[in-house]
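Notes follow the structure.
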């Protein structure tokens, strides 16, 4: 361990990004300093089973008392939030709880925006939903910036590779990748993202404080139609691509409502159109490689390792 004593609170530790943060830090000898949080009491036993040698707690961004308890003795907190959360309330609660902690060192906050995004660039039809991916990270950053707390922002300026699993239904049933608006995208492996966050937390000094890093694997800048070709080549089985909004509605609309709530299908259709407009803001970056000290995983390598999940 390289930084001074104090607990590290990791939100979303049962998830696909917070989990890798915790696993890498445990591997590096930080087990006794980890406090792993889930917002769901139903997931606590699962979290304890995954990390039996680490402290685990239930903490909810919308419950200030639970945040106060979770942050006792904490010096660094890793923050990742679910889609459609009330970010102004969540981050205001977090700030209030953090400001009660003596000798607090750092917030590491995950964002998810196109690079250089701002509220005035978000179309009214998307902003009118009031929450959601297009504005929630902008809302969170605005609140955190006003706090003057030491924050490091890790912006997922890319798609997460395991998003392909979420979209795999029509690949399995129709051998078709469904995604409206064929557009250029960059990609990142959630395990690489988690390791990068862990390495930043474990870094001595203040070099990462008050920084904003736009992260992707530095390799893939591809159209969705090219991803369908990539899946086909790896699996040696033809997977077509459809950019039809009607087809997406048919095969994935109900799933999005189930995952994210009422009107999520309409929201994401508008969001994908918004992403197409700003597709050229996404660009390859070597920042992740420099943080990891190695080449990040490519999308093709991820498909080679996880192709069975797609078909």
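Numbering (this note's numbering), first residue to last: 703 to 1013.
Beta carbons are placed, not taken as given, at the ideal position from N, Cα and C, and that holds for glycine.
Taking Cβ positions, are residue i and residue j nearer each other than 8 Å?
i, j, result
"residue 738", "residue 757", "yes"
"residue 841", "residue 784", "no"
"residue 949", "residue 824", "no"
"residue 885", "residue 925", "yes"
"residue 853", "residue 811", "yes"
"residue 763", "residue 796", "yes"
"residue 1003", "residue 917", "no"
"residue 878", "residue 927", "no"
"residue 1001", "residue 889", "yes"
"residue 963", "residue 786", "yes"
"residue 760", "residue 740", "yes"
Mark residue i as exposed unless 16 or more other C-beta atoms lie within 10 angstroms of its C-beta, in which case mark it buried.
i, result
"residue 780", "buried"
"residue 984", "buried"
"residue 808", "buried"
"residue 754", "exposed"
"residue 861", "buried"
"residue 1033", "The question about residue 1033 has no answer here: the residues shown for the chain are numbered 703 through 1013."
"residue 822", "exposed"
"residue 729", "exposed"
"residue 899", "buried"
"residue 804", "exposed"
"residue 830", "exposed"
"residue 707", "exposed"
"residue 866", "buried"
"residue 875", "exposed"
"residue 987", "buried"
"residue 818", "exposed"
"residue 802", "exposed"
"residue 897", "buried"
Assuming residue i and residue j make a contact with CB atoms under 8 Å, what is their CB distance in whole Å?
i, j, result
"residue 1012", "residue 870", "5 Å"
"residue 998", "residue 719", "So it is not a contact: roughly 14 Å between Cβ atoms."
"residue 715", "residue 749", "6 Å"
"residue 936", "residue 1005", "5 Å"
"residue 800", "residue 851", "6 Å"
"residue 882", "residue 953", "In fact, because the Cβ distance is near 11 Å, the residues do not count as touching under 8 Å."
"residue 652", "residue 972", "With the chain represented from 703 up to 1013, any question about residue 652 goes unanswered, as that position is not in the structure."
### Task
Could you tell me which uninterrupted alpha helix (DSSP H) segments, each at least 4 residues in length, are contained entirely in the stretch 747-813, listed from first to last along the chain?
766-772 and 789-800
### Query
Taking one C-beta from the stretch 825-842 and one from the stretch 905-916 each time, how about it: are there three or more such pairs within less than 8 Å?
no
### Message
Report the start-end ranges of each beta strand (DSSP E) in the stretch 918-996 that is 3 residues or longer and not cut off at the edges.
### Response
923-925 and 942-944
### Query
Unbroken alpha helix (DSSP H) runs of length 4 or more, entirely within the stretch 820-904: which are they?
826-829, 835-847, 865-868, 870-876 and 892-904
### Task
Decide if the stretch 918-937 is in contact with the stretch 895-909; the criterion is three or more beta carbon pairs, one per stretch, under 8 Å apart.
no
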